[in-house]
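S.K.: Take any residue in the sequence shown, note its place counting from 1, add 71, and you have its number in our numbering. My questions all concern the structure below.
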Amino acid sequence: MVISGKDLSARLKEDMRQEVSTFPEKYGRVPHLVVILVGDDPASASYVKGKAKASEFVGIRNTTVLKPDTISEEELLELIQKLNEDESVDGILVQLPLPGHISEAKVIESIDKSKDVDGFHPLNVAALWQKQSCTLPCTPKGIIKMLKFAGVEIKGKRAVVIGRSNIVGLPVAKLLLDENATVTIAHSRTRNLPEVTREADILVVAIGRPRFVTAEMVSDGTVVIDVGVNRDPETGKLCGDVDFAAVEPKASVITPVPGGVGPMTICCLMENTIECFLRKQ
Ligand code: GUN
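Take a look at the structure:
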C-alpha cells in the first residue's frame, strides 16, 4: 500500500478550509502566518511557495517576507521582534537553513513561543520531551497522522528512525515513543546499519541521501516512511532517501517522494497556525 500524503493532506486541508471559513463571523478575522525567507536558495523558495499556496487554499492570511542573504542577524532579530509584538500575526516561520553568519539557534529562540508554528522553540521542544501540551513540529506530526490514517498499529512495534536532526529524527522518535513503540535512533555512525533496519516494523528515514535505503535493508512487511527530498544525481528529478522501486514490493506500507511526507508537513503547518490562532481567542 502506497500512502498518498497528497490525497490525505488535500482532505485535511478541505476540512480546515471549512473550519476557517467560520472564523470571520466568530472571531472577526482569519489566522495570519508570516513566513520569512532569507536568500534565494531554490529549494527553500519552493517550500515557501508551497506554504503560501496551502495558506491561500485553507483561507489563512499569508505574508511572505523575502530578505537578501546579506541581512544581518541583528536586522533579522529586529524583524522577528516586531512580528512578536504585532497582534495581527498568529504564526511566524523562518525558513531554514539560514546563511552561515546568522545563528539559527538565536533566531529560533527569538520567536515568541506562542507564535512558533514550527515547534522549534526550546520551550516547545522541552514541552514535547516532558509530554506537556505544545506545538508539535510539522513533519513528525504529519508522519504520525499518515501512520494512523493507514491503520498502522504503533503500540509495541519496533520503530527505527534513521537520522537525528532537531527537525525530524529526534522529535519523530519521541512521538513514536509516546505511541508506545520501541524506538531505535540510527545515524551515519551506526555500526551494521542494515542489521538494525531489518529489525524494524516501522522504518522512518530522514538522512538526506538519495536512495540510501536499499531492498536488503528492509524486511518483508515493513512500514517505510521516506522523509528525504533529494535531487537524483543522474536524472535531476526529486527522489527520496529510499530506493522506492526496490523497496516497495517488500514494504506493507510505503510513502512516495514526491507526494508523501512533504504535503503532510505543509498540512500540519496549517493546523499549527490555526491552533496558535485559536489559543489567542
Ligand atoms: N527547512 C526544512 N524543513 C523546515 C521546516 O519544517 N521548517 C522550517 N522553518 N525550515 C525548514
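The C-beta atom is built at its ideal place from N, Cα and C for all residues, glycine as well. Small disclaimer: the values here were computed from a predicted structure and weren't measured.
Are the CB atoms of Val188 and Cys347 within a distance shorter than 7 Å?
M.R.: For Cys347 and Val188, yes; Cβs fall inside 7 Å.
S.K.: Is DSSP giving Thr210 helix, strand or coil here?
M.R.: Three-state result, Thr210: helix.
S.K.: I need the DSSP call for Ile173, collapsed to helix, strand or coil.
M.R.: Three-state result, Ile173: coil.
S.K.: Compare the Cα-Cα distances from Phe191 to each of Val165, Gln352, Lys308, Glu85 and report the closest residue.
M.R.: The option with the nearest alpha carbon to Phe191 is Val165.
S.K.: Go ahead and pull the three-state DSSP assignment for Cys205.
M.R.: Three-state DSSP puts Cys205 in coil, outside helix and strand.
S.K.: Are the Cβ atoms of Ser80 and Leu104 separated by less than 7 Å?
M.R.: Cβ distance not < 7 Å, so Ser80 and Leu104 don't count as in contact.
S.K.: Whole angstroms is fine: what's the gap from Asp317's alpha carbon to Gly331's?
M.R.: Rather than Asp, the amino acid found at residue 317 in this sequence is Ala. Each residue's alpha carbon lies about 17 Å from the other.
S.K.: The ligand GUN and Cys339: does any heavy atom of the ligand fall closer than 6 Å to the residue's C-beta?
M.R.: No - the ligand GUN has no heavy atom lying nearer than 6 Å to the Cβ of Cys339.
S.K.: What separation, rounded to the nearest whole angstrom, lies between the Cα atoms of Ser323 and Val91?
M.R.: Those two C-alpha atoms are separated by around 36 Å.
S.K.: Whole angstroms is fine: what's the gap from Ala123's alpha carbon to Ser117's?
M.R.: Answer to the nearest angstrom: the Cα atoms are 10 Å apart.
S.K.: Out of Glu250, Thr344, Asn195, state which residue places its alpha-carbon closest to the alpha-carbon of Gly227.
M.R.: For the residues Glu250, Thr344, Asn195, the minimum Cα distance to Gly227 belongs to Glu250.
S.K.: Can you give me the Cβ contacts of Pro140 inside the same chain, cut-off strictly under 8 Å, excluding the 5 residues immediately before and after it?
M.R.: With the sequence shown as reference, residue 140 is identified as Asp, and Pro is not the correct amino acid for it. Same-chain partners within the cutoff: Val109, Gly110, Asp111, Pro170.
S.K.: With distances taken between CB atoms, is the gap from Val223 to Val294 smaller than 7 Å?
M.R.: Yes, Cβ-Cβ distance for Val223 and Val294 is below 7 Å.
S.K.: Along the chain, where does the alpha helix (DSSP H) that runs through Val91 open and close?
M.R.: Run containing Val91: 76-92, per the alpha helix (DSSP H) assignment.
S.K.: How should Glu85 be labelled, buried or exposed, when 16 other C-beta atoms within 10 angstroms of its C-beta is the threshold for buried?
M.R.: With fewer than 16 other Cβ atoms within 10 Å, it is exposed.
S.K.: If distances are taken between C-alpha atoms only, which option among Leu148, Met288, Thr261 comes closest to Leu274?
M.R.: For the residues Leu148, Met288, Thr261, the minimum Cα distance to Leu274 belongs to Met288.
S.K.: If I follow the unbroken beta strand (DSSP E) through Ala317, where does it start and stop?
M.R.: Run containing Ala317: none in the beta strand (DSSP E); it sits in the alpha helix (DSSP H), 315-318.
S.K.: Would you check if the region 228-236 and the region 201-212 touch, i.e. whether three or more CB-CB distances between them fall below 8 Å?
M.R.: Output reads no: the region 228-236 does not touch the region 201-212.
S.K.: Report yes if the CB atom of Val267 is closer than 7 Å to the CB atom of Ala257, and no otherwise.
M.R.: Their beta carbons are under 7 Å apart, which means Val267 touches Ala257 by this criterion.
S.K.: Short check: CB of Asp291 to CB of Lys321, under 7 Å?
M.R.: In contact: Asp291 and Lys321 (Cβ atoms closer than 7 Å).
S.K.: When the Cα atoms are used, what is the spatial distance from Lys77 to Val276?
M.R.: Lys77 and Val276: Cα-Cα distance of roughly 19 Å.
S.K.: Out of Arg269, Glu158, Arg260, Pro304, point me to the one whose CA is closest to Arg280's CA.
M.R.: Of Arg269, Glu158, Arg260, Pro304, the residue nearest in Cα terms is Pro304.
S.K.: Would you check whether the ligand GUN has a heavy atom nearer than 6 Å to the C-beta of Asp183?
M.R.: Because no heavy atom of the ligand GUN lies under 6 Å away, the Cβ of Asp183 does not count as near it: no.
S.K.: Just curious, the beta strand (DSSP E) that Thr134 is in, first and last residue?
M.R.: Here the beta strand (DSSP E) through Thr134 covers 132-138.
S.K.: Going straight from the alpha carbon of Arg229 to that of Ile325, what length do you get?
M.R.: Approximately 16 Å between the Cα atoms of the pair.
S.K.: Taking 6 Å as the line, does the beta carbon of Asp189 fall inside it for any heavy atom of the ligand GUN?
M.R.: Within the cutoff, so yes.
S.K.: State yes or no: is the C-beta of Asn160 within less than 7 Å of the C-beta of Leu154?
M.R.: Here residue 160 is Val; the residue named in the question, Asn, does not match the sequence. Yes, Cβ-Cβ distance for Val160 and Leu154 is below 7 Å.
S.K.: Apply the 10 Å Cβ neighbour rule to Val73 and answer buried if 16 or more other Cβ atoms are within range, or exposed otherwise.
M.R.: With fewer than 16 Cβ atoms within 10 Å of its Cβ, Val73 is classed as exposed.
S.K.: In whole angstroms, what is the alpha-carbon distance linking Arg132 and Glu145?
M.R.: When rounded, the distance between both Cα atoms is 27 Å.
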